[in-house]
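With full-length UniProt numbering as the guide, the letters of the sequence shown map in order to residues 14 to 336. The beta-carbon is built from N, C-alpha and C at its ideal position, and this holds for glycine as well. The model shown is predicted, which means the values in this text are computed figures rather than measured ones.
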Amino acid sequence: LSDVDGRRLIVDAIDDPADQIADLREGLLGRPARISPKFFYDAQGCALYGAICALAEYYPTRTEALIYDCCRDPIAEHLPHGGQWVDLGCGDGAKSRQWLKPAGVRRYIGVDIAADCLQTTLEATERQFPEVDCLGVVADFTRPFHIQPVLNDCPGSAPIFFYPGSSIGNFTPEQALALLRSIRAHLGRDGRLLIGVDLVKDAATVEAAYDDALGVTAAFNRNVLRVANRLLDADFDPMRFGHKAFFNAAESRIEMHLTALTTHSVQIGDVQRRFDAGETIVTEYSYKYTPERFIELLAAAGYGETHCWTDDRAWFGVFVAGP
Ligand code: AVI
């Protein structure tokens, strides 16, 4: 960990951008072609994701917020008070700010890969909660991360790791297990994980959430090809690919693909890649869990006591897990 801004912004090891670009290129030249969903989130992708969250069909954001609104106090009773709130993938930090008072938080630690965004989030949090000590860690927490030295700065204040939005669903169960283990290793005796997870439900409801009538998710999916054009000096025409989203029941996941509408070639740097009509690029998996299956995953990652809250339709689950 290195200190960047007088102890306010700390940088953990993050991937070399050149490695990320090499990974993107290799994925697109491979068969089947794939793109990691982390490339969705350039400025335009973030704006489109914001629009997705407001869509009638995209139930996860709204349902999770409903659970927090209804059950904030009972959930907070299961969290240590006077703790250090670790906001994983904090974005604008708005979801976390609703918790700082009810959970009596002493210190806010935003963790995100985007340093600029992190600064803005810290400033907004400090403005609203001047009594809370605010700190940012620039890290790619999709890999093992090391924030124990940061937590040690505030002895006697237990960590609460907050990971909302069912982002855990974008990892394979094996990757999710590794992340949950990595968090578990930071909990100490009194720490807790507070996590939001999208649950299994009828396929039509889930498929509509990932293939909305206005085509916002289709635009979000195609936008990743513009990101690839920029990073790889490629010439994808996003409109020559169709958006496809379907529920794979055997794997309990939504799959998003981009399907070539006609056979054509794309220049990717100094290489030409031919796409046959119907050939697809896998862009995202979004796993859906039953509460039992997610509790099993938590147990496999070494967690002990677990509590779960859901909405009336059991569409979304909020879990608090401790050591
Ligand atoms: C960020 N993540 C939890 C979203 C999801 O539902 O898997 C990303 C998304 N993809 C399409 N719509 C939303």
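Residues H256 of the same chain have their beta carbon placed closer than 6 Å to that of A231, with the five preceding and five following residues left out of the count. Not one heavy atom of the ligand AVI lies closer than 6 Å to the C-beta of G149. Nearest neighbour of L192 by Cα position, chosen from G102, G117 and G169, turns out to be G102. In summary, T185 is exposed, with fewer than 16 beta-carbon neighbours lying within 10 Å of its beta-carbon over all protein chains present. Placement of the Cβ of T230 at a distance of less than 6 Å from at least one heavy atom of the ligand AVI is found. Looking at L79, Y54 and D28, the one whose alpha-carbon comes closest to that of Q111 is L79. Under the Cβ criterion (8 Å, minimum of three pairs), the region 197–206 counts as touching the region 78–96. Straight across, the Cα-Cα distance linking A89 with G335 is about 13 Å. In this structure, DSSP gives F52 a helical state, which the three-state scheme calls helix. Following the DSSP letters along the chain, one finds A314 in no alpha helix (DSSP H), marked with neither H nor E. In the DSSP assignment, F184 forms no beta bridge with any residue.
With a cut-off of 6 Å, the C-beta of G178 is classified as near the ligand AVI, since at least one heavy atom of the ligand falls inside that distance.
Cβ neighbours of L131 within its own chain (closer than 6 Å, five residues either side excluded): G123, D125 and G149.
Burial state of K114 is exposed, judged by a 10 Å Cβ sphere holding fewer than 16 other Cβ atoms. Burial check for G330: the Cβ neighbour count within 10 Å reaches 16 or more, so the residue is buried. Rounded to the nearest whole angstrom, the C-alpha separation of A290 and A60 is 30 Å. By the Cβ criterion, the region 278–285 is in contact with the region 243–261, since at least three pairs of Cβ atoms, one from each stretch, lie closer than 8 Å. Counting other Cβ atoms within 10 Å of its Cβ, A46 reaches 16 or more and is therefore classed as buried. Under the three-state reduction of DSSP output, E70 falls in the coil class, being neither helix nor strand. For a cut-off of 8 Å, the C-beta gap from I160 to H199 is around 7 Å, short enough to register as a contact. A distance below 7 Å between beta-carbons, with the five flanking residues on each side excluded, links F233 to the following residues of its chain, in chain order: F53, G58, L61, Y62 and I65. Distance from the Cα of R156 is smallest, within the candidate group D55, T134, Q188 and V145, for Q188. Taking non-hydrogen atoms of the ligand AVI into account, the C-beta of S299 is found less than 6 Å away from one of them.
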